[in-house]
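Reading through the structure tokens given below for one structure.
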Amino acid sequence: MKRLTTPNHNYSDLIDLCIEGIADTQAIKPRITANKQNLLLDASVYDTKINQGEIYTYTPLIRFHDAMCIKSTKDDYEKLYTQYFVPKAKKTRVIYDAILTSAKGECPFCGGLGDPSNLDHFLPKAEFPQFSIYPLNLVPSCRDCNMGAKKVGYAKSAEEQTIHPYLDKAIFFEEQWITAHYIADSSLDEPGEFRYYVNTPSHWSAVDKQRAEKYFKDFNIANRYAKQVTSSLKSKLRSIKRELDRGVSIQEIIDDVIQPDIDGAPFVNYWEVGMSDGLIAYLNSI
Ligand SMILES: [Zn+2]
């Protein structure tokens, strides 16, 4: 999970821009205009609740109680996204594209394995249509992450909450909690196997530990990271073997061949850091 810079587009201006793009003859226009304050009010608690790990307490469409009203409001908000925010012909498309490109081609959910192809509604718009165009609810996501893990729905308890790439607690991004074991082949000529796992710091709360585990499982990180390793492992093993043959000490090999990957990693739970952990433990054991 990679931290993304929070989008700073003014939400009120964005709603106005969407409304501007609706033809005067459309009945949805006065309804959205009338609901603008509700949208702003809902969004005002979103950031705090995510940051405090309490978004699961936010009941879908809590502000509307009448069943018919919920349905028409839900339809309006979904249309607001699909017809008045996303289309290329709309002025708002610039904002859609800016949020998408802010990920710089690296999906935050899988830590850059995939290239984000669209914006994912962090709280799904089917259940939380009031956040359908809220920039902080729109997260660039690659196809695998969007079609896989995020399909499971939304959290109904604290430990089920997906880590939020813009707003979640710093510990998920700044502390290391993904690492790997390396199970070596009998010789250094053949690549062995990496087993990635979650190893959360002991001072974390039980809920944060469960959230990390759930994220790791939902996004299939163990398999996806292990698959990524295969591309660079052979050459890494060749470098290690060459140094060993030259009589270089294990510590020097770690410092020269492996440590630079850790130092150069884009974030602390990147796949290459886990690979390096596994190789260091292996080298220290031979
Ligand atoms: Zn991804």
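Here the sequence shown is numbered in my numbering, starting from 3 and rising by one per residue.
Ideal Cβ placement from N, Cα and C applies to all residues, glycine included.
Because the structure is a prediction, the values reported are computed rather than measured.
Can you round the beta-carbon distance between G280 and A182 to whole angstroms, since I take them to be within the 8 Å contact cut?
4 Å
Test item: CB-CB of L121 and L190 under 8 Å
no
Give me every residue whose Cβ sits closer than 7 Å to any heavy atom of ligand 1, in chain order.
C109, F111, C112, L115, G116, S143, C144, D146 and C147
Would you mind giving the Cβ-Cβ distance between P193 and T232, rounded to the nearest angstrom? I have them listed as a contact below 8 Å.
Right, the Cβ-Cβ distance comes to about 7 Å (below 8 Å), so this counts as a contact.
Helix, strand or coil at N201 [DSSP, three-state]
coil
In the DSSP assignment, find the unbroken beta strand (DSSP E) run with T50 in it and report its ends.
Here T50 belongs to no beta strand (DSSP E); instead the alpha helix (DSSP H) covers I30 to N53.
Simplified DSSP state of A172, which is helix, strand or coil:
Residue state, collapsed to three classes: coil.
Report, in whole angstroms, the separation of the C-beta atoms of I135 and D78, which I expect to be a contact under 8 Å.
I135 to D78, Cβ: 11 Å. No contact.
What do you reckon, are the CB atoms on T75 and N37 nearer than 8 Å?
The answer is yes: Cβ separation under 8 Å.
Measuring CB to CB, does F111 end up less than 8 Å from M277?
no
What residue ranges within the stretch 217 to 279 form continuous alpha helix (DSSP H) runs of no fewer than 4 residues, ordered along the chain?
223 to 247, 252 to 255 and 261 to 265
Out of curiosity, what's the CA-to-CA distance linking Y272 and A208?
23 Å
First and last residue of the uninterrupted beta strand (DSSP E) at S143
L140 to S143
Cutoff 7 Å; reference Y2; Cβ partners in own chain excluding five residues on either side
One cannot answer for residue 2 here, as it falls past the ends of the chain, which runs 3 to 288.
Is it buried or exposed for E22, if we count other Cβ within 10 angstroms and need 16 for buried?
exposed
Counting only the same chain and skipping the five closest in sequence on each side, list residues whose C-beta sits under 6 Å from that of G107.
D117
Proximity winner among Y156, D146 and A228, relative to A128 (alpha-carbon distances):
If we check each option's Cα against that of A128, Y156 comes out closest.
At what residues does the beta strand (DSSP E) containing T61 begin and finish?
Per DSSP, T61 belongs to no beta strand (DSSP E) and is neither H nor E.
Taking the alpha-carbon positions, what's the K236 to I223 distance?
21 Å
Does DSSP put L121 in a helix, in a strand, or in coil?
strand
Whole angstroms is fine: what's the gap from D146's alpha carbon to P62's?
Taking the straight line from one Cα to the other gives about 26 Å.
Cβ-based burial, G249 [other Cβ within 10 Å; buried from 16]:
exposed
Take the Cβ of P203 as the centre, count every other Cβ of all protein chains shown within 10 Å, and call the residue buried at 16 or more, exposed below.
exposed
Under three-state DSSP, which class holds E195?
strand
Beta-carbon contacts of C20 that lie in its chain and below 8 Å, excluding the five residues immediately before and after:
I34, L82, Y86, F87, K92, T94 and I135
Mind checking L41: buried by the 16 CB within 10 Å criterion, or exposed?
buried
Extent of the continuous beta strand (DSSP E) run through I180:
I180 to I185
Give a yes or no on whether the C-beta atoms belonging to F124 and V141 are separated by under 8 Å.
yes
Own chain residues within Cβ distance below 7 Å of I260, not counting five before or after
S278, L281 and I282
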